[in-house]
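Asks: Quick note, the working numbering runs 308 ahead of the 1-based positions in the sequence shown. For glycine and all other residues, C-beta sits at the position ideal for the given N, C-alpha and C. Note that the structure is a prediction, hence the values are computed from the model and not measured. Input: one structure, supplied below.
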Amino acid sequence: MEKIMAIIAISLGKKATVYAVGRYYGFPRLYRRLVEFNRRVCADRQVMRRRQEIVKNIFRFPNKIIALFRQKKKTT
309 MEKIMAIIAI SLGKKATVYA VGRYYGFPRL YRRLVEFNRR VCADRQVMRR
359 RQEIVKNIFR FPNKIIALFR QKKKTT
């Protein structure tokens, strides 16, 4: 049980760290840097576009979840 709690704590700590970096550095700038890195690393344009879509969706995912919960509150 202790190992599971340690894994959960590390996972939450990692997420909190990434969120703090995003808040400090700025999410738009962080997105731009990830896209620039993707361009340097990837040569195939189709793979590059797919990765950019994935990164964009990762950044938009929390807002989509919040919107979903707000819709559920209004309907109930």
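Note down the Cα distance separating Glu361 from Lys382, rounded to an integer number of angstroms.
Replies: Taking the first residue of the sequence shown as 1, we reach residue 361 at position 53. Taking the first residue of the sequence shown as 1, we reach residue 382 at position 74. Going by the C-alpha atoms only, they are around 30 Å apart.
Asks: In whole angstroms, give me the CA-to-CA distance for Gln379 and Asn346.
Replies: Mapped onto the sequence shown, residue 379 falls at position 71. Mapped onto the sequence shown, residue 346 falls at position 38. Straight-line Cα distance between these residues: approximately 35 Å.
Asks: Ordered along the chain, which non-local residues of its own chain (more than five positions away) have a Cβ less than 8 Å from that of Gly334?
Replies: The residue given as residue 334 occupies position 26 in the sequence shown. The beta carbon of Gly334 sits closer than 8 Å to no other beta carbon from its chain once the five residues preceding and following it are set aside.
Asks: CA-CA distance, Phe369 and Ala314?
Replies: Reading the sequence shown from its first residue, position 61 is the one you call residue 369. Reading the sequence shown from its first residue, position 6 is the one you call residue 314. So the alpha carbons of these two residues sit roughly 26 Å apart.
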